[in-house]
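A.B. asks: After the C-alpha cells below, expect a handful of questions from me.
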Amino acid sequence: MIIQMPDKTHASSIAEIDLRALGNNLRQVRAQIGERDILAVIKANAYGHGAVRVARYLVESKIKTVLLGVAFLEEAIVLREGGITGPIVLMTGAPLDQIDTIVYHRFTPVVYDAASLHALSRSASAAGQRLSIHVKIDTGMGRLGLPSSEALPFIREAVSQSGIRVEGILTHFAHPDLNDKSFTQQQLESIQSLRSELKEEGIEIPYCHLANSSAVMHYEPAYLNLVRPGLMLYGYSPIEKDASFPLKPVMQVKARVLSIKKVASGTSISYGRTYFTQRESRIATVAFGYADGYPVRLSNRGTMIAKGRIVPVVGRVCMDMTMLDVTNVPSLNVGDWVTVIGAEGDSMVWASRLARWAGTHPYEILCGIGPRVQRRYLP
Ligand SMILES: *Cc1c(COP(=O)(O)O)cnc(C)c1O
61 MIIQMPDKTH
71 ASSIAEIDLR
81 ALGNNLRQVR
91 AQIGERDILA
101 VIKANAYGHG
111 AVRVARYLVE
121 SKIKTVLLGV
131 AFLEEAIVLR
141 EGGITGPIVL
151 MTGAPLDQID
161 TIVYHRFTPV
171 VYDAASLHAL
181 SRSASAAGQR
191 LSIHVKIDTG
201 MGRLGLPSSE
211 ALPFIREAVS
221 QSGIRVEGIL
231 THFAHPDLND
241 KSFTQQQLES
251 IQSLRSELKE
261 EGIEIPYCHL
271 ANSSAVMHYE
281 PAYLNLVRPG
291 LMLYGYSPIE
301 KDASFPLKPV
311 MQVKARVLSI
321 KKVASGTSIS
331 YGRTYFTQRE
341 SRIATVAFGY
351 ADGYPVRLSN
361 RGTMIAKGRI
371 VPVVGRVCMD
381 MTMLDVTNVP
391 SLNVGDWVTV
401 IGAEGDSMVW
411 ASRLARWAGT
421 HPYEILCGIG
431 PRVQRRYLP
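Here my numbering is used: the first residue of the sequence shown is 61, the next is one more, and so on.
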C-alpha cells in the first residue's frame, strides 16, 4: 500500500514534517534525563525542519524545554518575530555590532571574550536590564570558548558586572559520536572541576551543560543539570547504525516525476555520460537535485522509492533534477511523487543511509534540504 500523499498543488518537492515524531523524540530525551532541564537546539532552521514551527511545538509541549538554542542573531530574530517569547540562546556569541539588538530582544548569548562581556553589561544596564549569559569554555573542541585556565577569572569578572546574570557555563564535545571516550571524559572532568572551583568561591551559576545528542543517548555522566540535544530530536543518532533508541525521523521528502521515457539499451544518462542503460529501460526524471540538497555524490549510488519500490539513481545528479531507472515500476506516471527520504511500506531510505552513501553524516543531509522544498506540517 502506498501512503496517502497530501495536497501538493504547485509544489515540485515537499518536506513533510511530522510533529508527532518530534514529540516522540522529545519524550525519549525526557525518559533518559529524568528531571534535568532541556535546551533544544534548533539552529540552521531546526536542522532543516523549520525553526518557528518546531519551536512552537516544543514550547507548547507538555515536556518542558527551558531554553532554545540557535547559532546566530538572525535566527533568533526569526523566532521572536514568529511569536517565541521565551529564552533563546545565541550559541556562537555576541558580536560587538549586535549587542544592542541582543539586549533589546533579551536573547541569551554565549560569551567568551571580555569585549563582548563589557559591552553587553553596559548596554543592558543602560536599558535597565540584567541580561542572562552563558560563559563558554573550550575544553578540547578548538572552536569557541575561553581556555580552561582563563575561565575562573573571567567568570569572576562576569558575575561582578551590573548588567549581567551568569546563567550557565558550557563546553562542547569534540567527538559528536563519542568515538574517543577518554578524551570525552577529559572534557567532562575539566568543566566539572571548574564547576567545583566556582562552588568553593561561593559563585552560584544555575546551569552547567555539555551533553549533545550522543551524550544524551550514551553518556549519562555528562547530563549535569541541563542537556543540549539537536539531532536526536529530529529522529537520528549521531552514531552510525545506532538503533538503541526508538527515535522517529521527523522529515520525509518527496519529489514529483517530471518525465518518463523509454530508452534503448546502451543509452547514456545525464551529464558526463557516467551511466549507460544495460537493457531497454524506463527512465524517470524527478524534480529534485543538488540545489534541493541531494548530494552529487549520490550519482549512480543513491536510491529513491517509487510506488513502494526501491529504485536506483542513474547518472549524475543535476542541479534541479535526478534520473531514476523505473523499468521495474510500470505503474509510475508523470506527475506521481517519489520518496527521496522516508518510507513507503517496507521500503525505506532515511537520511542516515543517504549520508553513508554520500560520505557524510545525517546532519548535513537534513540541513541541506533546500529552501525550494516546501515544508508541510503534519499535526
Ligand atoms: C549543534 C550543537 C549542539 C547539538 O548537537 P547534536 O549533536 O545535534 O545533538 C549542541 N551544542 C552546540 C554548541 C552545538 O553547536
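C-beta atoms are modelled at their ideal positions from N, C-alpha and C, and glycine is treated no differently.
(1) Distance check for residue 261 and residue 436, CA to CA, integer angstroms please.
(2) Return the CA-CA distance between residue 405 and residue 398, expressed in angstroms with no decimal places.
(3) Does the Cβ of residue 296 have 16 or more other Cβ atoms within 10 Å, making it buried, or fewer, making it exposed?
(4) What would DSSP say about residue 410, mapped onto helix, strand or coil?
(5) From the DSSP output, read off the bridge partner residues of residue 404.
(6) Using 9 Å as the threshold, is the C-beta distance between residue 193 and residue 165 below it?
(7) To the nearest angstrom, report how far apart residue 214 and residue 235 are at their CA atoms.
(8) Could you pull out every residue in the same chain whose Cβ sits closer than 6 Å to the Cβ of residue 391, ignoring the five residues on either side in sequence?
(9) Closer than 8 Å is the cut-off here; do at least three beta carbon pairs connect the segment 95-112 with the segment 278-294?
(10) In three-state DSSP terms, what is residue 439?
(11) Do residue 130 and residue 82 have their beta-carbon atoms positioned less than 9 Å apart in this structure?
(12) Excluding sequence positions up to five away, which residues of its chain have a Cβ less than 8 Å from the Cβ of residue 13?
(13) Based on Cα-Cα distance, which residue from 143, 142, 132 and 172 lies nearest to residue 161?
(14) For the alpha helix (DSSP H) that contains residue 162, what are its first and last residues?
(15) Fully enclosed by the segment 351-403, which beta strand (DSSP E) runs are 3 residues long or longer?
(16) In chain order, what are the residue ranges of uninterrupted alpha helix (DSSP H) at least 4 long that sit wholly in the segment 232-269?
(17) Indicate whether at least one CB of chain C lies closer than 9 Å to the CB of residue 96.
(18) Is residue 108 near ligand 1 - that is, is its Cβ less than 8 Å away from at least one heavy atom of it?
(19) Using the DSSP secondary-structure output, state which residues sit across from residue 228 in a beta bridge.
(20) Count the other C-beta atoms from every protein chain shown that fall within 10 angstroms of the C-beta of residue 314, then say buried if there are 16 or more, exposed otherwise.
(21) Out of 71, 278, 245 and 111, state which residue places its alpha-carbon closest to the alpha-carbon of residue 426.
(22) Secondary structure at residue 79, three-state DSSP: helix, strand or coil?
(23) Given this structure, state the Cα-to-Cα distance separating residue 277 from residue 338, to the nearest angstrom.
(24) If I measure Cβ to Cβ from residue 151 and keep anything under 6 Å in the same chain, skipping five residues before and after, which residues do I get?
(25) Quick one: any contact between the segment 369-388 and the segment 344-359, if contact means 3 or more CB pairs under 8 Å?
(26) Going by the C-beta, is residue 114 closer than 8 Å to any heavy atom of ligand 1?
(27) One question on the structure: do residue 142 and residue 116 come within less than 9 Å of each other, judged by their Cβ atoms?
(28) Return helix, strand or coil for residue 103, following the three-state DSSP convention.
(29) Mapping the DSSP letters down to three states, classify residue 150 as helix, strand or coil.
(30) Using the C-alpha atoms, what's the distance from residue 386 back to residue 417?
(31) On the three-state DSSP scale, how would you describe residue 428?
(32) Would you identify the three-state DSSP class for residue 287, choosing helix, strand or coil?
(33) Note down the Cα distance separating residue 307 from residue 294, rounded to an integer number of angstroms.
(34) Closer than 8 Å by C-beta to residue 393: which residues in its own chain qualify, once you throw out the five before and the five after it? Chain order, please.
(35) So, is residue 245 buried or exposed, given that buried needs 16 or more other C-beta atoms within 10 angstroms?
(36) At a cut-off of 8 Å, would you count residue 105 as near ligand 1, judging by its Cβ distance to the nearest heavy atom?
C.D. replies: The relevant details are as follows:
(1) Position 376 of the sequence shown, counted from the first residue, corresponds to residue 436. Position 201 of the sequence shown, counted from the first residue, corresponds to residue 261. The straight-line gap from Cα to Cα measures roughly 51 Å.
(2) Along the sequence shown, one-based indexing puts residue 405 at 345. Along the sequence shown, one-based indexing puts residue 398 at 338. Their Cα atoms are separated by approximately 13 Å.
(3) One-based indexing of the sequence shown puts residue 296 at position 236. Result: buried.
(4) The sequence position of residue 410 within the sequence shown is 350, counting from 1. In the three-state scheme derived from DSSP, where H, G and I count as helix and E and B as strand, residue 410 is classed as coil.
(5) On the sequence shown, position 344 is the one that residue 404 refers to. Looking at the DSSP assignment, residue 404 forms a beta bridge with 407.
(6) Walking along the sequence shown from the start, residue 193 turns up at place 133. Walking along the sequence shown from the start, residue 165 turns up at place 105. No, Cβ-Cβ distance for residue 193 and residue 165 is not below 9 Å.
(7) One-based indexing of the sequence shown puts residue 214 at position 154. One-based indexing of the sequence shown puts residue 235 at position 175. Cα-Cα distance, rounded: 26 Å.
(8) Translated into positions along the sequence shown, residue 391 becomes position 331. Cβ neighbours of residue 391 beyond the five flanking positions: 367.
(9) Yes, the segment 95-112 is in contact with the segment 278-294.
(10) For the purposes of this step, residue 439 is identified with residue 379 of the sequence shown, where counting begins at 1. Residue 439: coil per DSSP, three-state reduction.
(11) In the sequence shown, counting from the first residue as 1, residue 82 sits at position 22. In the sequence shown, counting from the first residue as 1, residue 130 sits at position 70. Their beta carbons are not under 9 Å apart, which means residue 82 does not touch residue 130 by this criterion.
(12) Outside the shown range of the chain, which is 61 to 439, sits residue 13, and nothing can be said about it.
(13) Stepping through the sequence shown from its first residue, residue 161 is reached at position 101. The residue with the shortest Cα to Cα distance from residue 161 is 132.
(14) Within the sequence shown, the letter at position 102 stands for residue 162. Looking at the DSSP string, the run of the alpha helix (DSSP H) that includes residue 162 is 159-165.
(15) Here the runs fully enclosed are 363-366, 369-372 and 382-385.
(16) DSSP runs (the alpha helix (DSSP H)) wholly in the segment 232-269: 241-260.
(17) Here chain C cannot be found, since the structure has a single protein chain.
(18) Position 48 of the sequence shown, counting from 1, holds the residue named residue 108. Not under cutoff, so the answer is no.
(19) Counting from one through the sequence shown, the residue named residue 228 turns up at place 168. For residue 228, DSSP records a beta bridge to 194 and 267.
(20) Position 254 of the sequence shown, counting from 1, holds the residue named residue 314. Buried, since its Cβ has 16 or more Cβ neighbours within 10 Å.
(21) Position 366 of the sequence shown, counted from the first residue, corresponds to residue 426. Ranking the options by Cα distance to residue 426, first place goes to 111.
(22) Here residue 79 refers to the residue found at position 19 of the sequence shown. Under the three-state reduction of DSSP, residue 79 is assigned to helix.
(23) Mapped onto the sequence shown, residue 277 falls at position 217. Mapped onto the sequence shown, residue 338 falls at position 278. The alpha-carbon atoms of residue 277 and residue 338 are separated by roughly 46 Å.
(24) Position 91 of the sequence shown, counted from the start, is the residue given in the question as residue 151. Spatial neighbours of residue 151 in its own chain (CB-CB distance under 6 Å, excluding positions within 5 residues in sequence) are listed in chain order as 129, 131 and 170.
(25) The way I'd put it, the segment 369-388 does touch the segment 344-359; three or more beta-carbon pairs between them come closer than 8 Å.
(26) Here the question's residue 114 lines up with position 54 in the sequence shown. At a threshold of 8 Å, residue 114 does not count as near ligand 1, since its beta carbon sits no closer than that to any of the ligand's heavy atoms.
(27) Here the question's residue 142 lines up with position 82 in the sequence shown. Here the question's residue 116 lines up with position 56 in the sequence shown. When the beta-carbon positions are compared, residue 142 and residue 116 come within less than 9 Å of each other.
(28) Sequence index remark: in the sequence shown, residue 103 carries index 43 (1-based). In the structure shown, residue 103 sits in a helix (DSSP, three-state: H, G or I).
(29) Numbered from its first residue, the sequence shown carries residue 150 at position 90. In the structure shown, residue 150 sits in a strand (DSSP, three-state: E or B).
(30) For the purposes of this step, residue 417 is identified with residue 357 of the sequence shown, where counting begins at 1. For the purposes of this step, residue 386 is identified with residue 326 of the sequence shown, where counting begins at 1. When rounded, the distance between both Cα atoms is 20 Å.
(31) Locating residue 428 in the sequence shown gives position 368, counting from the first residue. Reduced to three states, the DSSP call for residue 428 is helix.
(32) As a working mapping, residue 287 is identified with position 227 in the sequence shown. Note: residue 287 maps to strand in three-state DSSP.
(33) Locating residue 307 in the sequence shown gives position 247, where the first residue counts as 1. Locating residue 294 in the sequence shown gives position 234, where the first residue counts as 1. Distance between the alpha carbons of residue 307 and residue 294 is about 8 Å.
(34) Translated into positions along the sequence shown, residue 393 becomes position 333. Excluding residues within five positions, the ones whose Cβ falls inside 8 Å are 317 and 320.
(35) The residue given as residue 245 occupies position 185 in the sequence shown. With a 10 Å radius around the Cβ and a threshold of 16 neighbouring Cβ atoms, residue 245 comes out exposed.
(36) For this step, residue 105 is matched to residue 45 along the sequence shown. Every heavy atom of ligand 1 is 8 Å or more from the Cβ of residue 105, so no.
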